[in-house]
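The opening position of the sequence shown corresponds to residue 173 in the numbering used here, with each subsequent residue numbered one higher. Glycine residues also receive a C-beta, built at the ideal position from the N, C-alpha and C atoms. Everything on this sheet refers to the single structure shown next.
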Amino acid sequence: MKIDSKKEQLINTTVQLLTSNRDISSITAREIIAKANVNLAMINYYFKSKEALINTAIKRILKCHMDEYKATHDKKNLAPRQELKEMLMTFCDVIILYSQFIEISVPYILVQEDIIYPFEILPLIRAHYKNHDNNKTEEDYKVIAYQITSFIQLVLLRSNAFLRYSGIDIMDSEKRSALIDSQLDLFLVDTIK
Numbered sequence: 173m174k175i176d177s178k179k180e181q182l183i184n185t186t187v188q189l190l191t192s193n194r195d196i197s198s199i200t201a202r203e204i205i206a207k208a209n210v211n212l213a214m215i216n217y218y219f220k221s222k223e224a225l226i227n228t229a230i231k232r233i234l235k236c237h238m239d240e241y242k243a244t245h246d247k248k249n250l251a252p253r254q255e256l257k258e259m260l261m262t263f264c265d266v267i268i269l270y271s272q273f274i275e276i277s278v279p280y281i282l283v284q285e286d287i288i289y290p291f292e293i294l295p296l297i298r299a300h301y302k303n304h305d306n307n308k309t310e311e312d313y314k315v316i317a318y319q320i321t322s323f324i325q326l327v328l329l330r331s332n333a334f335l336r337y338s339g340i341d342i343m344d345s346e347k348r349s350a351l352i353d354s355q356l357d358l359f360l361v362d363t364i365k
């Protein structure tokens with residue numbers, strides 16, 4: 173087995189374990205390596221920790237769903253703002269579908285991982301402002317993308333506390349849609365700076 177295939181085997185095995193509806197905390201490094209047929213040192217070599225491997229596998233699961241959305245979604249007739257809303261709703265739907273991953277993955281994404289998710293929506297933010305007379309810079313677009321994605325991730329992580337605080341049940345599709353509209357209204361203003 174080549175080194176790269178060992179890394180892939182670790183990820184694929186972890187994806188299988190995660191999607192078997194087991195409690196994440198019951199998945200051990202020894203179980204992963206036994207099923208992947210690799211040495212325990214390979215987890216540390218490729219991922220530095222079991223937590224990083226699990227987060228890589230979670231990202232693979234989420235990316236698969238988002239890639240499917242992008243491949244099947246007809247975005248030709250949508251305004252950038254509407255396309256962004258639909259993408260964010262789909263992202264939330266996928267996260268909620270795998271809600272058992274939220275407590276593991278979101279803190280890792282927000283605190284330890286490089287900032288990557290805002291890049292997914294950055295083209296739509298640019299496109300939204302393209303047809304508006306504005307003085308926004310690339311830096312402004314990146315900050316807006318980060319504000320939107322990190323807020324949504326945090327609200328999904330703290331959904332019960334957010335419900336008690338705001339009265340908004342992010343797990344309810346209609347309320348989630350209204351919250352995303354509210355966020356887009358705040359961040360995608362059509363006025364000149």
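Between F359 and I316, the CB-CB gap stays under 7 Å.
For I320, the three-state secondary structure derived from DSSP is helix. In the three-state scheme derived from DSSP, where H, G and I count as helix and E and B as strand, R330 is classed as coil. Out of I287, F291, E292 and K235, the CA that lies nearest to the CA of V266 is found in K235. Taking V187 as the centre and dropping the five residues before and after it, the same chain places the C-beta of A229, R232 and I233 closer than 8 Å to its C-beta, in chain order. Counting C-beta pairs closer than 8 Å gives three or more between the stretch 207-220 and the stretch 178-185, which meets the contact rule. Within its own chain, no residue has a Cβ closer than 6 Å to the Cβ of I288 once the five positions on either side in sequence are excluded.
In chain order, H300, L356 and L360 place their CB closer than 7 Å to the CB of R253, counting only its own chain and leaving out the 5 sequence neighbours on each side. For E255, the number of other beta carbons within 10 angstroms of its own is at least 16, and it is reported as buried. Secondary structure at R348: helix, using DSSP grouped into helix, strand and coil. A Cβ-Cβ distance of about 7 Å is found for the pair L189 and I204, placing them in contact under the 8 Å criterion. Closest in C-alpha terms to L328, from the list E275, D286 and E346, comes E275. Judged by DSSP secondary structure, M238 falls within the alpha helix (DSSP H) whose first and last residues are K222 to T244.
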